[in-house]
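For reference, the structure discussed in these notes is given below.
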Amino acid sequence: MARLSGYLTLVSLFISFTAFASPLIDAPLIARDSNDGYAAIPYYPAPKGGWVSSWSDAYEKAQQVVSNMTLAEKVNLTTGTGIFMGPCSGQTGSAPRFGIPNLCFQDSALGVASTDHITFFPAGITVGATFDKDLMHARGVALGEESRGKGVNVQLGPVVGPLGRKPKAGRNWEGFGADPTLQAIGGAQTIKGMQSTGSIACLKHFIANEQETHRMTSVVTKAYSSNLDDRTMHELYLWPFAEGVRAGVGSVMVAYNDVNQSASSQNSKLLNGILKDELGFQGFVLTDWLAHQSGVQSALSGLDMSMPGDGSIPLFGDSFWGPKLSEAVLNASLPVDRLNDMVTRIVATWYKLGQDKDYPLPNFSSNTEEEKGLLYPGALFSPSGVVNKFVNVQANHNATARAIARDAITLLKNEDQVLPLRRNDSLKVFGTDAGPNSNGLNSCGSMACDNGVLVSGWGSGTAKLPYLVTPQEAIANVSSNAEFHLTDSFPSDVKANSDDIALVFINANSGENFLIVEGNRGDRSVAGLDAWHHGDDLVKSAADKFSKVVVVIHSVGPILMEEWVELDSVKAVVFAHLPGQEAGYSLTDILFGDYSPSGHLPYTIARKESDYGSSVDLIDKPFVQIQDNFEEGLYIDYRHFLKANVTPRYPFGHGLSYTTFNMTTTISMVTPIDSAYPSPRTSKGATPTYPNKIPLASEAAWPKNFNRIWRYLYPYLDHPENAASNSSKPYPYPSGYTTTPQPAPRAGGAEGGNPALWDVAFSVQVKITNTGSRKGRAVPQLYVELPSSLGLETPRLQLRQFEKTKILGPGESETVTLDVTRKDLSVWDVVVQDWKAPVDGEGVKIWVGESVVDMRVVCEVGEECKVLD
């Protein structure tokens, strides 16, 4: 979402293409680029929540409350109160009669944004690079504890979309990597950790938003349409969302872009058909900020909440919902049944996470750093009061942040064992990326600059640093023999001795497109995949003068290294990703050998940009709606490289250590796959029922002697009786609309899909032995190769599981278990609309190794596993 500070810059550009009385029905109002036949299929009505047994208690409590709510109270919980109309990034109205406060929604996925005394954690891409499930979960717990401590009801993360189809895309760094399994595990572990604290996680952005350029509808263009086929949707982009739903996530945020010609916020196939019916999602769906485009249409299509509540143009006191939603119910254009389900989902989630029991109210303000300030800054006249209580929620979370940043550091190259460094080595350090922001900590709003060490990308996915340990500070703390040159232009007067080691720091940045950094509008549209600030020249200059050069990279994603990576003097390359507040100490932990590097690449680093294939290009066509056709299908990142037989510079999963490991593997069948398709799903359980009678118009009337705040979004109508009298007029429902429930999707049956999909088909035991002379951790990665008998072309290898060992001393071993589920071996059958697996696993090969090209063991079903040379 766009941070509140960026909203005013969007106001003049943001114009919706819909009106409440005339919903968008998949027809553009401006020219389109070619769409090659992609079109969203209508799917109505919206499935009701509450049929999953693990949610039954929460829904029973919600039903009791919603049964006694007035129309205004129901609408109040579905609509945000408007931009700057409260302390948080967004907040709903309240239902005080039932103890339900304004629900607080706050960025970001790496820390509680726009406030103080929090932890600035490593970004999602860094977490993915750890390949460590325990750290993924621990970060989730810490994020949940901090959001709860600040009184945030819904923390806006984790991010599993974008997936990383386009390596230059601005927000890839917020997710966990360019693979659906890595994203899925990272997202699910984060959700479980966050929600164990009572904080509601928000899985985003649903779905296929793979570039920032033209993501939003504006005065000159409509948001681009991501056009993709059913199989690609299920096997790639939906995979991590399915795992997030299976983990019990409480809320899902829709993306800005269209999908197959229909806006994400009102795409009935996506929300009703896939998310709520097939995946069995029980929580509530909310818009990204200002992504709402219609009233009745979006509600019918499965949207449950509008954030931040404003209509086409913020700060006008208008909304697609709010009073217009009350009107739509009174005039019968929106069925009462749909509104009841919307609010029941919201209240049930509140109960499910235990927020009815001593959950704190917000004790901070996103709008000011002062103790006192305006309560509703978006209002023309606002009361004032204490808005910041400066509650410290950090606890000992810095230790978790440091461990993640450290265990993510990926050693790409290490010739002549130049690393680890000795504490008395003569060091010459170059690059502004080693130092602080020259303008001061947090001097760039939303991290929208590239000044000093890069700790995250920019945009709403950031927070305020409580402090920052720079590499310069940490190196100086370890070594008394380090000389610093914090410049991106190589100094001409530097002297190089034969024993000197040059440490060269470079970076590459990206972010969200409501802010422009050095000409880049979110995506790396100007910089491309090159290092910023002439980083290549800095490395080459150091390599010309020094015989031993170590390159340290902080980056949002892959960068090109071909100009210098094979130079004789470039001995080591250390990829430190986006480390957060503990940037320096996490790095020196590795550089000086206190820990062995154990990070692995969560994406592929190519030799040249075109090696990524057809999906690499950002599409920038003004004045037309861009049609982004996902013609490469399943073949992105390493899947593409394997298919095209292109050798990358460094493959997905690559990561060196200061020690070495060997692996031996055994495989056993757990649950036989005795049929191509999983066993039939069970029937849905009961859902809450309510009277469908249209409420009295008086339920939407303004309370007597009510003190209104101008621009604040309320559910009330000035003349509710007029709305009720208009009920005889026919409403133009969208094409395909029906109130008859759809047959239950055969691929569904529980949260995430048919429970049989997660039956463990094979259990793989991998024994890892440290065969080197130093301590270290290994990451066995399991990839599957599916047989041609499935009748579909499949990627040669697909990551399906991984584990990370404990720290193993020389000669020490550990055996880890990698379970392979039925779904892991399945393809999506677009005709049957179900997951198809090879019977008895016949023809399946299971590969285990330390990267997608470094395989150590192969197992064929029915045969002994073979150790590879």
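Numbering (my numbering), first residue to last: 255 to 1123. Backbone N, C-alpha and C fix where the C-beta goes; we use that ideal spot for every residue, glycine too.
For residue i, three-class secondary structure by DSSP
i     : result
L675  : coil
Q449  : helix
Q360  : strand
D595  : helix
S937  : coil
A349  : strand
G403  : helix
K682  : strand
T993  : coil
D1078 : helix
D1083 : strand
S472  : coil
W604  : helix
T654  : helix
G457  : Sequence inspection shows Leu at residue 457; the Gly mentioned does not correspond to that position. Here L457 sits in strand by DSSP.
R1050 : coil
G418  : coil
K825  : strand
V1093 : helix
I439  : helix
Nearest-angstrom Cβ-Cβ length linking residue i and residue j, presumed shorter than 8 Å
i     : j     : result
W863  : L783  : Looking at the sequence itself, residue 863 is Glu, so the reference to Trp does not match. 5 Å between Cβ atoms; contact.
G394  : I445  : 7 Å
V803  : V793  : 7 Å
A797  : V824  : 5 Å
G632  : I337  : 5 Å
N330  : S348  : 6 Å
G429  : D777  : Actually they are not in contact, since the Cβ atoms of G429 and D777 sit about 15 Å apart, beyond 8 Å.
K458  : V413  : 6 Å
L410  : S362  : 6 Å
V539  : V506  : 5 Å
L525  : G556  : 3 Å
A977  : E581  : 4 Å
L740  : Q726  : 7 Å
P1092 : L1040 : 7 Å
Contact check, residue i vs residue j, beta carbons under 7 Å
i     : j     : result
T541  : S566  : no
D742  : T686  : yes
Q536  : W712  : no
L511  : R469  : Per the sequence presented here, residue 511 reads as Asn, with Leu not at that position. Yes, Cβ-Cβ distance for N511 and R469 is below 7 Å.
L1079 : V1098 : yes
V1014 : T925  : yes
V683  : F738  : yes
A954  : A517  : no
H894  : S1105 : no
M917  : V1020 : yes
L967  : Y904  : no
Q551  : P988  : yes
N946  : N585  : no
T941  : G534  : no
S714  : E669  : no
I658  : L841  : no
A655  : E836  : yes
V1018 : I927  : no
heavy atom of the ligand SAH below 6 Å from residue i C-beta
i    : result
D311 : What this structure holds is no ligand at all, so the ligand SAH is not there to describe.
Counting Cβ pairs, one atom from each stretch, are 3 or more of them under 8 Å apart for the stretch 640–650 and the stretch 820–829?
-> no
Tell me the start and end of each unbroken alpha helix (DSSP H) in the stretch 729–810 that is at least 4 residues and wholly inside, in chain order.
-> 789–799
Could you tell me whether the stretch 776–795 touches the stretch 755–763, where touching means 3 or more Cβ pairs closer than 8 Å?
-> yes
Beta strand (DSSP E) runs wholly inside the stretch 491–577, at least 3 long, in chain order = 505–508, 538–540
Touching or not, the stretch 397–417 and the stretch 643–655, by the rule of three or more beta carbon pairs under 8 Å?
-> yes
contact_flag[the stretch 591–598, the stretch 367–384] where n(CB pairs < 8 Å) is 3 or more | no
Quick one: complete beta strand (DSSP E) runs, 3+ long, within the stretch 997–1045?
-> 1014–1024, 1035–1039
Continuous alpha helix (DSSP H) assignments of at least 4 residues falling wholly in the stretch 871–946 = 891–898
Taking contact to mean at least 3 C-beta pairs separated by less than 8 Å, is the stretch 869–884 in contact with the stretch 479–488?
-> yes
Using 8 Å as the threshold, is the stretch 566–580 in touch with the stretch 300–315, meaning 3 or more CB pairs across them?
-> no
Okay, do the stretch 1008–1024 and the stretch 921–938 touch, 3+ Cβ pairs below 8 Å being the bar?
-> yes
Per the contact definition of three or more C-beta pairs closer than 8 Å, is the stretch 660–678 in contact with the stretch 829–843?
-> yes
Hey, is the stretch 1053–1070 in contact with the stretch 1032–1042, meaning 3+ C-beta pairs nearer than 8 Å?
-> yes
Of all the alpha helix (DSSP H) runs that stay within the bounds of the stretch 305–339, which reach a length of 4 or more residues?
-> 310–320, 325–332
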